[in-house]
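Participant:
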Amino acid sequence: MTRHKKGFTLIELLIVVVIIGILAAIAIPKFTNTKAKAYVSAMKADLRNLATAQEQYAADSAGNYKNVTVTANASPVAVGGGMNFTPSPNVGLTTTVDNTSNPKTWTTAATHSAAPGVTCTMTLAGVITGC
Numbered sequence: 009m010t011r012h013k014k015g016f017t018l019i020e021l022l023i024v025v026v027i028i029g030i031l032a033a034i035a036i037p038k039f040t041n042t043k044a045k046a047y048v049s050a051m052k053a054d055l056r057n058l059a060t061a062q063e064q065y066a067a068d069s070a071g072n073y074k075n076v077t078v079t080a081n082a083s084p085v086a087v088g089g090g091m092n093f094t095p096s097p098n099v100g101l102t103t104t105v106d107n108t109s110n111p112k113t114w115t116t117a118a119t120h121s122a123a124p125g126v127t128c129t130m131t132l133a134g135v136i137t138g139c
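The numbers in our numbering rise by one with no breaks, and the one at position 92 of the sequence shown is 100.
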């Protein structure tokens, strides 16, 4: 009577483990920047939304823009004061306005509490730089 052993040999199992290790070594570095990219995307989205809110505010305020300072907070609050804008969680915004120049201008810097050292800046022209 012949007995057939079923199962994998040690060599076969080692080869599978090595292949999984190689695939992980390739895939993991591709996902390391995913969070940082998401933080930058949140900052850019808030800058664009704030630009829309600034234009709406200016339309109701004789062309004047609003100074906005929002501290990065996990539970953001609306800007208020005639401006309809609530930033994303953990995004801080600082707007510098010059309502005395002709044309009037503003510049906003956005930061994210989970991405230290990264600042996105947007001007009235709608150009986002720095991130």
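We treat Cβ as the ideally placed atom computed from N, Cα and C, and that holds for glycine.
At which residues does the beta strand (DSSP E) containing T103 begin and terminate?
Facilitator: In the sequence shown, the residue the question calls residue 103 occupies position 95. It spans 99 to 106 - the beta strand (DSSP E) in which T103 sits, taken as one unbroken run.
Participant: To the nearest angstrom, how far is the alpha carbon of D106 from that of K112?
Facilitator: As a first step, residue 106 must be located in the sequence shown, where it is residue number 98. As a first step, residue 112 must be located in the sequence shown, where it is residue number 104. Rounded to whole angstroms, D106 to K112 spans 6 Å at the Cα level.
Participant: When the Cα of K52 is compared with those of G88, T17, L101, which residue comes out closest?
Facilitator: Looking up residue 52 in the sequence shown gives position 44. Per the Cα distances, L101.
Participant: Tell me where the beta strand (DSSP E) around T175 begins and ends.
Facilitator: In the structure as shown, the chain starts at 9 and stops at 139, and residue 175 therefore has no counterpart that could be examined.
Participant: In whole angstroms, give me the CA-to-CA distance for G77 and A44.
Facilitator: Taking the first residue of the sequence shown as 1, we reach residue 77 at position 69. Taking the first residue of the sequence shown as 1, we reach residue 44 at position 36. At residue 77 the sequence reads Thr, which differs from the Gly that was named. Spanning the two alpha carbons is a distance of roughly 23 Å.
Participant: Along the chain, which unbroken stretches of the beta strand (DSSP E) at least 3 residues long are found entirely within the region 53 to 132?
Facilitator: Fully enclosed beta strand (DSSP E) runs of 3 or longer: 99 to 106, 113 to 120, 127 to 131.
Participant: Looking only at DSSP bridge pairs, what is I136 linked to?
Facilitator: Counting from one through the sequence shown, the residue named residue 136 turns up at place 128. Partner(s): M130.
Participant: Please report the straight-line C-alpha distance between L31 and L18, rounded to a whole angstrom.
Facilitator: The residue labelled residue 31 in the question sits at position 23 within the sequence shown. The residue labelled residue 18 in the question sits at position 10 within the sequence shown. About 20 Å.
Participant: Between G90 and A70, what straight-line distance do the alpha-carbon atoms span, to the nearest angstrom?
Facilitator: To locate residue 90, count along the sequence shown from 1; it is residue 82. To locate residue 70, count along the sequence shown from 1; it is residue 62. Taking the straight line joining both Cα atoms gives about 13 Å.
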